[in-house]
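A quick write-up on the structure given underneath.
Number of protein chains: 2
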Amino acid sequence: MQSALATDHEKRTQAERTALSDARMLDAAVALICERGSAGTTLKDVGERAGYSRGLASYRFGNKGGLFAFIIRSIGDDWLKELRRAVQDKVGLEAIEAAADAHYRFIVEGSDAIRAFYVLWFDSIGPDPELQRVVANIHERRRRDVVAWIESGVAAGRIRPGVDRRGVAEQFCAAIIGIVYQWLVAPDAHEHLRALHESLKHHTALALEAGST
Amino acid sequence: MQSALATDHEKRTQAERTALSDARMLDAAVALICERGSAGTTLKDVGERAGYSRGLASYRFGNKGGLFAFIIRSIGDDWLKELRRAVQDKVGLEAIEAAADAHYRFIVEGSDAIRAFYVLWFDSIGPDPELQRVVANIHERRRRDVVAWIESGVAAGRIRPGVDRRGVAEQFCAAIIGIVYQWLVAPDAHEHLRALHESLKHHTALALEAGST
DNA sequence: GTTTCACTTGCTTGTTGCAAACAAGTAAAT
DNA sequence: ATTTACTTGTTTGCAACAAGCAAGTGAAAC
């Protein structure tokens, strides 16, 4: 029941207490967002579902935007790492294809965390400036990764140097967003999603081989 | 000041009254959604901004989901027509390229209506079933249009018959959604958006010529 | 043809319940 | 003891609904 790193025990350092309540509220918020969407998720419920008082989420995160930014940061960081891990040291098109494959696997695997992450991602079109900043930041990092993969392919002589790195990367990222949207509205259409990812890989390959765009 | 179709006059038929209040509330809601996002838009403000009471929007649309569904339907219908008008009787790739061009023009033109429309579009990932239905419906109609354009190109012998019509159409629509997302987070990056649309046309052309996907 | 009256429909105001936000307090760690 | 984690009390504001008021409608009576 009780593990080495305090799971249920009493005496905890202050840092451990906040880390624990943060983690529990993160879980609670993810579950609630999946159940009721971001608008239907209340700070009160997040606190209570995490096993605390109605006020804790408000106190910790200040407001809904603060909570959402925290969630995006937490999950987004993990996930960028996961994607990079999946790509490992592949270069060029292979790296991009590995990323696309990993993306497909992650979403059909259907973890609540990723779903909540993307639900909040689409909230970033709202007026909350903090959320906008955090998502824009992740977006930019993701795009940079893709540019770097293309770059590595060029460096390895496997992609012609004339290619528009940033253009292709942006197209790729935009397509991913489009696919994610489709996943969110129809999470179980795995075959459809697989086809979209395959098609994306195919089109990206064409863009990196052929033409001048 | 007073036109033939009662603009500011007194005596109105009941149907005219509702049509007028609907139109005014639509305008008000569009403006509010652009200013504050969908979550920040209150039924109270919609009613009052339209020049009525705080309660009217609630009474007319029942709840926020009802209002949003009404907006999507109103603007979405208009817009599908506009897109079709832009495509006219073009066939195959030309039709798709015309649609992409029109799409680009519409969004950089930056009408509040289209922005509000797409903001609500992304709300459809939330739990509101009515909104989901309405958006899914528009999405499906749009996809059908694209399939029909491809079909017409095949019929005209300008696209090879083996092409995966639905697959390419879905890829196209997914990419449009991705582009729209980028527009919503950075509305003024016209050159970037132009490049994304150009790239989309290019990739779609490749998909319709080459390969088997 | 116009007046009247029963009825419908558009709209407003009153009320309740709930969540966000913040302040002030309590308990636990340092 | 003092800082820090967390809770509880309170205010404000919106959604949702109900009850009422006012404007429009249609048909019978005159």
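Taken in order, these protein sequences are the chains called A and B.
Just so you know, my numbering puts 181 at position 181 of the first sequence, and the rest follows in order with no gaps.
Just so you know, my numbering puts 112 at position 112 of the second sequence, and the rest follows in order with no gaps.
For glycine and all other residues, C-beta sits at the position ideal for the given N, C-alpha and C.
Values in this document were obtained by computation on a predicted structure and should not be read as measured data.
- Query: In whole angstroms, what is the alpha-carbon distance linking Leu5 of chain B and Glu130 of chain B?
  - Reply: With a pLDDT of 36 at Leu5 of chain B, under the threshold of 50, the modelled position of this residue cannot be trusted; read the value that follows with caution. Between the alpha carbons of Leu5 of chain B and Glu130 of chain B lies a gap of roughly 33 Å.
- Whose CA, out of B:Ile125, B:Asp77 and B:Glu109, lies closest to the CA of Ala186 of chain A? B:Ile125
- Message: So that I know if they touch, is there some Cβ in chain A lying closer than 8 Å to that of Glu82 of chain B?
- Response: no
- Query: From Asp51 of chain B to Gly110 of chain B, what distance separates their C-alpha atoms?
  - Reply: Note that residue 51 of chain B is Gly in the sequence shown, not Asp. Each residue's Cα considered, the two are about 25 Å apart.
- Item | Top-ranked residue by Cα proximity to Tyr104 of chain A, from A:Ser38, A:Asp188, A:Lys11 and A:Asn137 | A:Asp188
- How would you label Lys81 of chain B, buried or exposed, when you count the other beta carbons within 10 angstroms and need 16 or more for buried? Its Cβ having fewer than 16 others within 10 Å, Lys81 of chain B is exposed.
- Item | 8 Å Cβ cutoff met for Ile72 of chain B and Phe106 of chain B | Going by C-beta atoms, Ile72 of chain B is not nearer than 8 Å to Phe106 of chain B.
- Could you spell out where the alpha helix (DSSP H) holding Thr204 of chain A opens and where it closes? His190 to Glu209
- Under 8 Å from the C-beta of Arg36 of chain A: neighbouring residues of chain B: Pro127
- Query: By Cβ distance, which residues of its chain are closer than 6 Å to Ala69 of chain A, with the 5 residues on each side in sequence left out?
  - Reply: Glu130, Leu131 and Val134
- Select from B:Ser38, B:Arg36, B:Arg60 and B:Ala31 the residue whose C-alpha is nearest the C-alpha of Leu20 of chain B. B:Arg60
- Query: How about Ile177 of chain A and Val119 of chain A: do their beta carbons lie closer than 8 Å?
  - Reply: No, Cβ-Cβ distance for Ile177 of chain A and Val119 of chain A is not below 8 Å.
- Item | Neighbour flag for Ser234 of chain B against chain A, beta carbons, 8 Å | The displayed coordinates of chain B run from 1 to 213. Any statement about residue 234 of chain B would go beyond what the structure contains.
- Query: Taking 8 Å as the CB-CB cut-off, is Thr7 of chain B touching chain A?
  - Reply: Any reading at Thr7 of chain B needs caution, since the residue's pLDDT is 42, under 50, leaving its predicted position unreliable; the model's value is listed next. Judged by the 8 Å Cβ criterion, Thr7 of chain B is not in contact with chain A.
- Message: On the criterion of 16 or more Cβ atoms from any shown chain inside 10 Å, does Lys201 of chain A qualify as buried, or is it exposed?
- Response: buried
- Helix, strand or coil at Arg160 of chain A according to DSSP, with G and I counted as helix: Assignment of Arg160 of chain A by DSSP, reduced to helix, strand and coil, places it in the coil class.
- Item | Pro129 of chain A, DSSP secondary structure in three states | helix
- Could you check the C-alpha separation between Gly37 of chain B and Ala29 of chain A for me, to the nearest Å? 21 Å
- Message: With a threshold of 8 Å on Cβ separation, who are the neighbours of Glu151 of chain A within its own chain once the five nearest residues in sequence on each side are excluded?
- Response: Taken in chain order, the residues that qualify are Arg165.
- Query: Hey, Gly167 of chain B and Ala195 of chain A: beta-carbon distance below 8 Å or not?
  - Reply: yes
- Item | Residues within the segment 61-79 of chain A neighbouring chain B, beta-carbon criterion of under 7 Å | none
- Query: Which residue spans inside the segment 48-87 of chain B form an unbroken alpha helix (DSSP H) run of at least 4?
  - Reply: Secondary structure remark: continuous alpha helix (DSSP H) runs of at least 4 residues inside the segment 48-87 of chain B, in chain order: 56-61 and 64-87.
- With respect to the alpha helix (DSSP H) encompassing Arg27 of chain B, which residues constitute its N-terminal and C-terminal limits? In the sequence on display, residue 27 of chain B carries Asp and not Arg. Unbroken alpha helix (DSSP H) run through Asp27 of chain B: Gln14 to Arg36.
- Item | When B:Asp78, B:Thr41 and B:Ile75 are compared against Asn63 of chain B, the one with the closest alpha-carbon | Answer by Cα proximity: B:Thr41.
- Within this structure, are the beta carbons of Ala169 of chain B and Arg143 of chain B separated by less than 8 Å? For Ala169 of chain B and Arg143 of chain B, yes; Cβs fall inside 8 Å.
- Query: Using a C-beta to C-beta distance shorter than 8 Å, which residues of chain A count as neighbours of Ser124 of chain B?
  - Reply: Val185
- Query: What span of residues does the alpha helix (DSSP H) with Gly92 of chain A cover, start to end?
  - Reply: Gly92 to Glu109
- Message: My output table needs one value for Asp45 of chain A: the three-state DSSP class, helix, strand or coil.
- Response: Here DSSP, grouped into helix, strand and coil, assigns Asp45 of chain A to helix.
- DSSP state of Ser124 of chain B mapped onto helix, strand, coil: coil
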